[in-house]
Amino acid sequence: MSQSLVEHLSHYPELADHATQWRHPFAPDALAGKTILVTGAGDGLGAATAKTYACFGATIILLGRTRNKLEAVNDWITAHTQTQPVIVPCDLEKLDVATADNLANSIEETFGALDGLVHHASRLGPKGPIAHYPFDEWQRVMQTNVSAAFLLNHTLFDVLDASQRAGVIHTSSSVGRVGRAYWGAYAASKFALEGLSQVFADETEVAGRIKVFSVNPGGTRTAMRKEAYPLEDPTTLPNPEAHMELYLLLQHPIDQDGAATEFATGQQVDCRDWAGTLRTL
Ligand SMILES: NC(=O)c1ccc[n+]([C@@H]2O[C@H](COP(=O)([O-])OP(=O)(O)OC[C@H]3O[C@@H](n4cnc5c(N)ncnc54)[C@H](OP(=O)(O)O)[C@@H]3O)[C@@H](O)[C@H]2O)c1
Numbered sequence: 046m047s048q049s050l051v052e053h054l055s056h057y058p059e060l061a062d063h064a065t066q067w068r069h070p071f072a073p074d075a076l077a078g079k080t081i082l083v084t085g086a087g088d089g090l091g092a093a094t095a096k097t098y099a100c101f102g103a104t105i106i107l108l109g110r111t112r113n114k115l116e117a118v119n120d121w122i123t124a125h126t127q128t129q130p131v132i133v134p135c136d137l138e139k140l141d142v143a144t145a146d147n148l149a150n151s152i153e154e155t156f157g158a159l160d161g162l163v164h165h166a167s168r169l170g171p172k173g174p175i176a177h178y179p180f181d182e183w184q185r186v187m188q189t190n191v192s193a194a195f196l197l198n199h200t201l202f203d204v205l206d207a208s209q210r211a212g213v214i215h216t217s218s219s220v221g222r223v224g225r226a227y228w229g230a231y232a233a234s235k236f237a238l239e240g241l242s243q244v245f246a247d248e249t250e251v252a253g254r255i256k257v258f259s260v261n262p263g264g265t266r267t268a269m270r271k272e273a274y275p276l277e278d279p280t281t282l283p284n285p286e287a288h289m290e291l292y293l294l295l296q297h298p299i300d301q302d303g304a305a306t307e308f309a310t311g312q313q314v315d316c317r318d319w320a321g322t323l324r325t326l
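If you're matching positions, the sequence shown starts at 46 in the working numbering and goes up one per residue.
Right under this line is the structure:
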């Protein structure tokens, strides 16, 4: 990584630590002029994605459930980058068509287009056998993890399509690719999210302006991981910033030397072995 990029990220040491190993050194203004909406932006992978994209010049729409968490990320971005985010407090469990339409209209009026949409927000729900899985929890997990993602893709389609290149990233899970006992609605919802990702990718491939991906981050040091594995030592896990080179590359497949590394739209990417799935143009 160039010295200038090290200095550029000096206010974000967790990211700078990983950036020293990046194979794709991004220009400091790689995402300048882009507007990207991140769901679940108040915590974990969502907060890291929002801060990382802002460090590279993107204007971030921070969507999440807990206002004070969004405000903390907003304050960090405002203090440490040249960009000014927008906060959208929103409980995705209650997202309806009218609210999503209002969001789409506001983005259209303010920015004209949306250049990226990252679906991180997710509900884990209880772990237990299907035989005992509560139906109300099934519905809450499905609404948050799948129906809300569909509704955002659906209502934001026109603003995404107005971008020259819009990256839509669905954050999935290992249990969304191979089913595992006791993961209930969470696993089923991630399988559905993978399906949504592939259908959306297929529908938008010919026009070529919207690129759609699913990403499995694998075990990562966040609150959700702690909820799923309370006895695990979190220090054995990578932090969210470990995955940010990939999340950057999916929004901006060009490094500072002008080399392009584009993933095929619709691709299922696994953070732990993404180097092996790259297609260098
Ligand atoms: N960490 C891992 O090991 C791991 C592994 C595989 C996949 N993933 C996936 O990675 C993504 C990010 O999770 P994370 O690990 O970063 O967990 P996290 O730190 O717990 O973040 C989850 C985020 O989702 C938000 N959220 C939950 N329900 C919501 C709702 N109804 N409306 C709006 N926002 C809501 C949370 O908001 P609040 O903060 O307000 O609760 C939080 O910001 C998820 O899609 C998860 O399935 C994580």
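Beta carbons: idealized from backbone N, C-alpha and C, even for Gly.
*Give the range of the alpha helix (DSSP H) segment to which Leu-169 is assigned.*
Unbroken run through Leu-169: none, as it is neither H nor E.
*Under the rule that 16 or more other beta-carbon atoms within 10 Å means buried, what is Thr-325, buried or exposed?*
At Thr-325 the pLDDT is 37, less than 50, meaning the model places this residue with poor confidence; the figure from the coordinates comes in the next sentence. It is exposed - the Cβ of Thr-325 has fewer than 16 other Cβ atoms within 10 Å.
_Proximity test, Thr-84 beta-carbon vs ligand 1 heavy atom, cut-off 7 Å_ = Residue side-chain check: Thr-84 places its Cβ nearer than 7 Å to a non-hydrogen atom of ligand 1.
*His-63 vs Glu-286 beta-carbon contact at 8 Å*: yes
*asked:* Following a CB-centred definition, is Gln-167 positioned closer than 7 Å to any heavy atom of ligand 1?
replied: Per the sequence presented here, residue 167 reads as Ser, with Gln not at that position. Yes - ligand 1 has a heavy atom lying nearer than 7 Å to the Cβ of Ser-167.
*asked:* Helix, strand or coil for Lys-256? Go by DSSP, reduced to three states.
replied: DSSP, read as helix, strand or coil, puts Lys-256 in strand.
*Any idea what DSSP makes of Asn-284, helix, strand or coil?*
coil
*By DSSP, does His-63 sit in helix, in strand, or in coil?*
helix
*Tell me whether Thr-94 is buried or exposed, calling it buried when 16 or more other Cβ atoms sit within 10 Å of its Cβ.*
buried
_In this structure, how does DSSP classify Leu-162 when only helix, strand and coil are distinguished?_
strand
*asked:* Do Gly-89 and Met-269 count as a contact pair if the criterion is CB distance below 8 Å?
replied: yes
*Sheet register partners of Leu-107 (DSSP bridge)*: Beta-bridge partners of Leu-107 (DSSP): Val-83 and Ile-132.
*Going by other Cβ atoms of all chains shown within 10 Å of its Cβ, with 16 needed for buried, is Leu-82 buried or exposed?*
Counting of Cβ neighbours within 10 angstroms places Leu-82 among the buried residues, the total reaching 16 or more.
*Look up Thr-342 in the DSSP assignment and say whether it is helix, strand or coil.*
Here the chain has residues from 46 to 326 only, and residue 342 is not among them.
*Answer with buried or exposed for Leu-276, where buried requires no fewer than 16 other C-beta atoms within 10 angstroms of its C-beta.*
exposed
*By the 10 Å Cβ neighbour count, where 16 or more other Cβ atoms means buried, how is Ala-226 classified, buried or exposed?*
Within 10 angstroms of the beta-carbon of Ala-226 lie fewer than 16 other beta-carbons, which makes it exposed.
*Does the Cβ of Gly-109 have 16 or more other Cβ atoms within 10 Å, making it buried, or fewer, making it exposed?*
buried
*Looking only at its own chain, which residues have a Cβ that is under 7 Å from the Cβ of Val-257, when we skip the five neighbours before and after it?*
Val-213, Ser-242, Phe-245, Ala-246, Thr-249, Thr-310 and Gly-311
*What are the partner residues of Asn-261, as DSSP defines its beta bridges?*
Partner residues in the beta bridge of Asn-261, as assigned by DSSP, are Asp-315.
*Along the chain, where does the beta strand (DSSP E) that runs through Gly-91 open and close?*
Where Gly-91 is concerned, there is no enclosing beta strand (DSSP E), although the alpha helix (DSSP H) it sits in stretches over 89-100.
*How about the stretch 126-142 and the stretch 188-204: do they share at least three Cβ pairs that are nearer than 8 Å?*
yes
_When Trp-121, Val-131, Cys-100 and Gly-91 are compared against Ser-167, the one with the closest alpha-carbon_ = Gly-91
*asked:* Let me confirm a value: Asp-181 is counted as buried when at least 16 other C-beta atoms fall within 10 Å, else exposed. Which label applies?
replied: exposed
*Gly-212 (DSSP reduced to helix, strand or coil)*: strand
*Kindly give me the distance between the Cβ atoms of Ser-208 and Ala-158, rounded to whole angstroms, as I take these residues to be in contact under 8 Å.*
4 Å
*Indicate the three-state DSSP secondary structure (helix, strand or coil) for Ala-77 in the structure shown.*
coil
*Assuming Val-204 contacts Ile-152 (C-beta within less than 8 Å), just tell me the rounded distance between them.*
5 Å
*To which residues does DSSP link Ile-25 through a beta bridge?*
What the structure shows of the chain is the stretch from 46 to 326, and residue 25 is not part of that stretch, so it cannot be assessed.
*Identify whether Leu-137 lies in helix, strand or coil by the three-state DSSP scheme.*
Leu-137: helix per DSSP, three-state reduction.
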